[in-house]
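**Q**
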Amino acid sequence: MLAVRPPAVAGMFYPAEPGELSHEILEFLTEAQPRTLIPKALIVPHAGYVYSGAIAASAYATLKSISARIRRVVLLGPTHRVAVRGLALPDVEAFDTPLGRVMLDTELMRIISSLPQVTVSAAAHAQEHSLEVQLPFLQSVLNDFTLLPLAVGMATAEEVAEVLELAWGGEETLIVISSDLSHYLPYAAAQSVDGRTIRNILELKQPIAHEEACGGTPISGLIIVARKHQLKPHLLDLRNSGDTAGSKNNVVGYTSIAFSAGE
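Here the sequence shown is numbered in the UniProt record's numbering, starting from 1 and rising by one per residue.
(1) Should P116 go down as buried or exposed, given a rule of 16 or more other Cβ atoms within 10 Å for buried?
(2) Output the boundary residues of the alpha helix (DSSP H) element that contains Y184.
(3) How long is the line joining the alpha carbons of G216 and R71, rounded to whole angstroms?
(4) Below 8 Å, how does it come out for the segment 71 to 84 and the segment 114 to 128: are there three or more Cβ pairs, yes or no?
(5) Rounded to whole angstroms, how far is the Cβ of V176 from the Cβ of L75, which I believe are closer than 8 Å?
(6) By Cβ distance below 6 Å, which residues in the same chain neighbour L63 in space, the five residues on each side in sequence not counted?
(7) Going by DSSP in three states, N200 sits in which element: helix, strand or coil?
(8) Do L185 and Y254 have their C-beta atoms within less than 8 Å of each other?
(9) Can you check which of these residues, C214, K248, N250, S247, is closest to I43 by C-alpha distance?
(10) Could you have a look at L37 and say whether DSSP puts it in helix, strand or coil?
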């Protein structure tokens, strides 16, 4: 019998009803500014769709022209509920969302599990939203793909980079890093902090600290491999919850960045 992780935050972070979810994502994607990019990697936010869905859509919309060739998504996000040493794989063969089932790349999981920093943790994945909220977007823009999901805990940027390098593949493989930016600062302070963080990412400078981005470790690992593969980052969107659906007193920052082969 197939081992499957059921959705944990459907109805909270995004709609649980398939028709409503599809419609909401289509609206986000339709409103996204068109960009002529061929991304190898994306950084996207992972808050509730009312807060960060439009920002995430600006990244996923860049996949339109290459969606047919992407067959594998390597998805990394920070752990929010369970402490993990290293990078944790789930103990299942598929993830379910209201839009259907996503099969995991069990062969690639087997390959990267040979690395000492890669563990298996059902608990790390059971309630983790940073990975789950990306799946309906991926299901909406891609055709048929497998998933390599990794919950990143206490790890170094170099350990993340080693995993990314092993999973890098060719044009069939997309890397997605799930991360929000600063948390619960006043609006103007968040703009200043997030602006500095974005400048560092665009200049491929790491480390990115956890206070700057909750996915700072996976972002830092991506920066290492982006330098090696001569990828160029492109800022697609930078806003915060005060711009989208929240108060300006305590905001959370969001960005979408695409990494493509350098011109």
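We treat Cβ as the ideally placed atom computed from N, Cα and C, and that holds for glycine.
Keep in mind that this is a model prediction, so the values were computed, not measured.
**A** In terms of the structure at hand:
(1) Under this definition P116 is an exposed residue.
(2) Going by DSSP, Y184 is part of no alpha helix (DSSP H) but of the beta strand (DSSP E) stretching over 183 to 185.
(3) 26 Å
(4) By the Cβ rule, the segment 71 to 84 counts as touching the segment 114 to 128, because three or more pairs are nearer than 8 Å.
(5) Their Cβ separation, rounded to whole angstroms, is 5 Å, which keeps V176 and L75 in contact under 8 Å.
(6) V141
(7) helix
(8) Contact check for L185 against Y254 fails: the beta carbons are separated by 8 Å or more.
(9) C214
(10) coil
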